[in-house]
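Chains as they are written, first to last, in our numbering: chain Y, 64 to 201; chain W, 64 to 201.
Backbone N, C-alpha and C fix where the C-beta goes; we use that ideal spot for every residue, glycine too.
Because the structure is a prediction, the values reported are computed rather than measured.
Here's the structure, in structure tokens; my notes come after.
2 protein chains.
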Amino acid sequence: MVKSFSAMLISQFSKATGLSLDTIRFYVRKGLLNPGRNGKGGTNPYQVFGAQDVTAARMIRLQQSLGYSLREIAALGAEYRAGEDSPARTAAVLRAQMAKLEERRSELESALDFLGRKLAWVEAGQPKDAPSWENFIC
Amino acid sequence: MVKSFSAMLISQFSKATGLSLDTIRFYVRKGLLNPGRNGKGGTNPYQVFGAQDVTAARMIRLQQSLGYSLREIAALGAEYRAGEDSPARTAAVLRAQMAKLEERRSELESALDFLGRKLAWVEAGQPKDAPSWENFIC
DNA sequence: CTTGACCATTGACTAAAGTCCACGGTTATA
DNA sequence: TATAACCGTGGACTTTAGTCAATGGTCAAG
Chain Y
64 MVKSFSAMLI SQFSKATGLS LDTIRFYVRK GLLNPGRNGK GGTNPYQVFG
114 AQDVTAARMI RLQQSLGYSL REIAALGAEY RAGEDSPART AAVLRAQMAK
164 LEERRSELES ALDFLGRKLA WVEAGQPKDA PSWENFIC
Chain W
64 MVKSFSAMLI SQFSKATGLS LDTIRFYVRK GLLNPGRNGK GGTNPYQVFG
114 AQDVTAARMI RLQQSLGYSL REIAALGAEY RAGEDSPART AAVLRAQMAK
164 LEERRSELES ALDFLGRKLA WVEAGQPKDA PSWENFIC
């Protein structure tokens, strides 16, 4: 669990991820990110972010775009970290993620198909024998 | 613009779409759905929804899952309806939609690829020569 | 040692997307 | 015509995901 590599302060991390300072602090409060602390004079006042936090930020964005709430994302991250030393658990979490993505992709493809058929129909001058839109289920 | 086919009242429409009564009314207020009105005794107190409203509801769900706000969805719907009698405009809107979907799908695929590589790496016992996560941009 | 840049914490505030509730009107059924 | 089941409207309320502002601590440069 080496965290010292590629360490940065919050403003650097902000630039690296595109998240605002406030959003980062908000995510830390919610447990979505857990940076280290590293002070010089005995105290440790500053948050220190590493490369793994950048990856985490990307994952958060991804999950969010899949419709997960931050609460759910935090839970998933916790589950992931809980089984971090158990490859089986890690793999299970990853596979669940991938299943969600696959499902999402097939939804997208069905929607694409729907729009494609509709476009073809429009371009054909909207003939009477319209394709059935009804199998468009999203 | 026949709207009488497959007409239903709001509770039927709710069952047909899975949207709650309140959500439907909310969408109507926002201009996302525009049902007809059909009363018996001179007045027209009740909203009447048709098959095209069911399709609209599906589209709303789809757009929403793509990250659009209701305001944006309403605008897109208005644009679509504005050029309803112009196949060229309709086709343009449809094509823009499809482009968005394609973009989204390629994002999904890149994420799937990322997770797939990570899964393989975990299952291989997390060897030193980790694949580069860095080309995972979402 | 002071100054400017950076950082943390707290709490108030906001917009979006609903949800809930109370009230009153409408319609089908008995 | 009474009554239950439905419908509409208005407004208050809630959750989520941040954003903003005030206050005060930390650190490097001069």
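{"Query": "Residue range of the unbroken alpha helix (DSSP H) whose run includes Y/Q127", "Result": "114 to 128"}
{"Query": "Reference Y/A155, options W/F89, W/K93, W/E186, W/L96, closest by Cα", "Result": "W/E186"}
{"Query": "Distance cut-off 7 Å: Y/D148 Cβ against heavy atoms of the ligand ZN", "Result": "The ligand ZN is not among the ligands present in this structure, which contains no ligands whatsoever."}
{"Query": "Y/L96 burial status per 10 Å Cβ neighbour count (16 or more: buried)", "Result": "buried"}
{"Query": "Neighbouring residues, chain Y, relative to W/S74 (Cβ below 9 Å)", "Result": "Going along chain Y, no residue has its Cβ under 9 Å from W/S74, so there is no contact; the nearest lies around 21 Å."}
{"Query": "Which of helix, strand or coil DSSP assigns to Y/Q160", "Result": "helix"}
{"Query": "Reference W/P108, options W/P194, W/S132, W/I73, closest by Cα", "Result": "W/I73"}
{"Query": "Runs of alpha helix (DSSP H) lying entirely within the segment 71 to 95 of chain W, each at least 4 residues, in chain order", "Result": "73 to 80, 84 to 93"}
{"Query": "Inter-stretch contact (C-beta, 8 Å, three-pair minimum) for the segment 117 to 129 of chain W and the segment 80 to 98 of chain W", "Result": "yes"}
{"Query": "Distance between beta carbons of Y/L129 and Y/R167, contact taken as under 8 Å", "Result": "6 Å"}
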